[in-house]
Amino acid sequence: MNFILAVSLLVVLTLLASGIFAYHTSCRGRILYGVQSEGRSLFGLTQKEAEQYFTQLGKKKLASQTVSLRSNGAVWKIQPQEVNLQPAAAAAAEEAYNSGREGTFVLQAVTQIKNAIYGCNIPFTASYDESLLQAKLEGIAEKLLVQPVNAACEISVNGAIHHIPGKSGKKLDIAASLKALDKPLKEMQAANLELPLEENPPFVRTEDVANVNAVLGTYTTYYRHGARGDNIAIATQQLNGVLIRSGANFSFNNIVGTRTANAGYKNAAVLVNGKSVPGIGGGVCQVSSTLYNAILLAGLNPTERFSHFIPSSYCPPGLDATVADNLIDFQFMNPLPHNVYILASADGRKITVQVLGTQADLQGKHISIETVGSSRRPSVYRVYSANGQVVEREYLHTDSYS
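Numbers in my numbering are just positions in the sequence shown, counted from 1, shifted up by 16.
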């Protein structure tokens with residue numbers, strides 16, 4: 017009985033193998049049964065014929081494909097050539113031809129049977145240049161951008177500090193847009209997408225200035241009208257409204273930016289090796305020096321500061337802070353428990369810099385600046401007083417002028 021079963025099984029396997037071999041022979045060079053794509057059977061096509069079919073199908077898809085992007089009533093369209101959309105005809109034809117031909121003989125047989133029973137769908141996709149799509153979206157993003165409004169502080173005529181709440185803007189979520197467009201582009205399908213927008217929060221949030229309740233330090237210097245005064249006004253405007261968070265470092269050059277003609281700066285007198293010569297941005301050192309005095313009085317700590325070669329006319333010796341593009345910076349950090357906020361103004365006659373913060377951070381101390389020594393070699397101290405008594409005298413630096 018077992019012998020008969022074994023012989024029968026052998027006969028069946030032999031017949032099956034012979035059938036598969038005959039099937040392979042008859043389909044040599046052609047796509048096997050059950051393989052299909054886009055609802056059409058590819059059975060019997062050569063790989064080249066399949067590629068031609070996919071090529072024509074791709075052209076048809078691209079001709080009718082419309083990808084529309086919508087937001088706030090505006091519509092943008094993405095054309096296939098804008099993102100270099102390329103149907104993968106050769107790859108699809110190769111995959112179709114190889115279906116049922118890969119692996120061992122047994123694996124091929126199993127695959128062919130499955131294809132015959134269930135069918136095998138070959139995906140027909142396209143590739144595109146993501147960098148071109150990103151550039152397209154970035155152009156759209158510029159049109160959709162709603163800038164946020166920073167929270168701010170103002171001082172009224174009676175000295176009261178008022179808080180102006182910040183307001184978030186909107187911006188295109190480019191990452192989400194890329195993800196949403198990937199499928200319709202690769203599948204060469206029409207799409208009508210609402211572009212995703214995300215919140216564009218202000219750098220200075222309402223809560224960032226919530227604890228600002230006092231002027232911690234203020235300083236004023238004077239200047240004359242002219243090109244130098246125009247430069248002073250530009251640099252001062254860059255300082256106005258700057259927030260320095262607790263523990264953060266401030267860089268004058270980073271905030272004010274490079275002093276160039278394109279930025280509006282003019283030729284005016286600058287000090288080079290102790291001599292006055294014309295230069296773009298002359299006068300900006302008066303802004304940095306005014307700021308230096310204000311932050312000292314507010315209890316902030318200078319971390320990088322250099323004096324001029326000779327004493328300045330607008331502040332006492334030892335209390336200037338020179339700056340130069342890409343060469344000399346003025347920096348300080350905020351060691352206080354809360355954020356500080358800078359108000360800076362230039363009215364054509366004087367610069368005033370005020371450092372606003374939380375009164376309790378100074379722990380009831382009053383700060384003053386003391387210079388000792390000659391005008392050519394002054395030493396500078398920061399003096400902390402409480403209840404009319406000096407509680408600390410902090411040495412800052414000694415300068416040497418020519």
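Note that the Cβ used here is the ideal one computed from N, Cα and C, for glycine as well.
Integer-rounded CB distance, given that residue j should sit under 8 Å from residue i
i, j, result
"V99", "L149", "5 Å"
"V388", "A314", "Incorrect: roughly 22 Å between the Cβ atoms, too far for contact."
"N174", "G257", "Rounded, the Cβ-Cβ distance is 21 Å, inconsistent with contact."
"V228", "I177", "6 Å"
"P2", "P333", "For the chain, the structure presents residues 17 to 418; residue 2 sits outside this window and is missing."
"D345", "N269", "5 Å"
"A132", "Y49", "5 Å"
6 Å CB neighbourhood of residue i in its chain, flanking five on each side removed
i, result
"S328", "D336"
"E111", "I138"
"D377", "L352, P353, H354"
"S115", "V51, C136"
"A285", "S292, G298"
"I260", "F266, N350, V356"
"L209", "L85, A196"
"G185", "V162, Q163, P164, N216"
"D246", "K282"
"F322", "T338, I344"
"K130", "none"
"T252", "V303, A360, A362, I367"
Neighbourhood of residue i by C-beta distance below 7 Å, restricted to the same chain and skipping five residues each side
i, result
"T319", "N265, Q347, F348, M349"
"A277", "I296"
"S193", "L153, L211, P212"
"A104", "T141, A142, S143"
"L412", "V396, Y397, R398"
"R244", "A284, A285, G298, G299"
"V407", "K381, Y400, S401"
"T82", "K93, A206"
"A157", "K187, L188, I190"
Option in the options with minimal Cα separation from residue i
i, options, result
"G263", "E214, I129, N317", "N317"
"F140", "R56, V83, R244, R86", "R56"
"E203", "T338, G74, A284", "G74"
"A108", "V407, Q124, L61, A314", "L61"
"Q379", "A230, T120, G50", "A230"
"L255", "G89, S267, Y113", "S267"
"R365", "P351, T237, P333", "T237"
"S401", "Y417, S418, H382, L58", "H382"
"Q63", "G45, S80, L188, K77", "G45"
"V369", "T82, D145, G233", "G233"
"N309", "E386, Y134, W92", "E386"
"N342", "A206, G273, G89, P333", "G273"
"D189", "R244, E214, T338, I133", "E214"
"E146", "T120, Q163, Q102, E170", "Q102"
"Q163", "G182, K130, C169", "G182"
"A360", "A279, Q205, Y235", "Y235"
"V225", "A340, S390, Y134, A168", "A168"
"S390", "H179, R409, D415, S384", "D415"
"S87", "G155, L123, L160, Q405", "L160"
"P200", "T71, S80, T374", "S80"
"A340", "G89, G373, S305", "S305"
Beta-bridge pairing of residue i - partner residues as DSSP gives them
i, result
"N88", "DSSP output for N88 lists no bridge partner at all."
"S53", "R56"
"R409", "V399"
"E210", "R86"
"I250", "BP columns for I250 are empty, so no partner."
"A176", "DSSP output for A176 lists no bridge partner at all."
"A168", "I180"
"L259", "Y357"
"N216", "G185"
"V162", "K186"
"F344", "In the sequence as presented, Phe is not what sits at residue 344; that position holds Ile. Note: I344 sits in a beta bridge opposite A340."
"M204", "In the DSSP output, where bridge partners are listed per residue, M204 has none listed."
"V231", "L372"
Own chain, CB closer than 8 Å to residue i, minus 5 neighbours either side, in chain order
i, result
"I248", "Y239, G299, V300, Q302, V303, A362, I367"
Going residue by residue through the segment 359-397, where are the continuous beta strand (DSSP E) segments of at least 3 residues, counting only ones entirely within it?
DSSP runs (the beta strand (DSSP E)) wholly in the segment 359-397: 366-373, 382-389.
Beta strand (DSSP E) segments (min. 3 residues) lying fully within the segment 264-334
The qualifying runs are 265-267, 283-288, 291-296, 317-320.
Unbroken stretches of the alpha helix (DSSP H), 4 residues or longer, contained in the segment 75-143:
Fully enclosed alpha helix (DSSP H) runs of no fewer than 4 residues occupy 105-114, 121-134 of the segment 75-143, in order along the chain.
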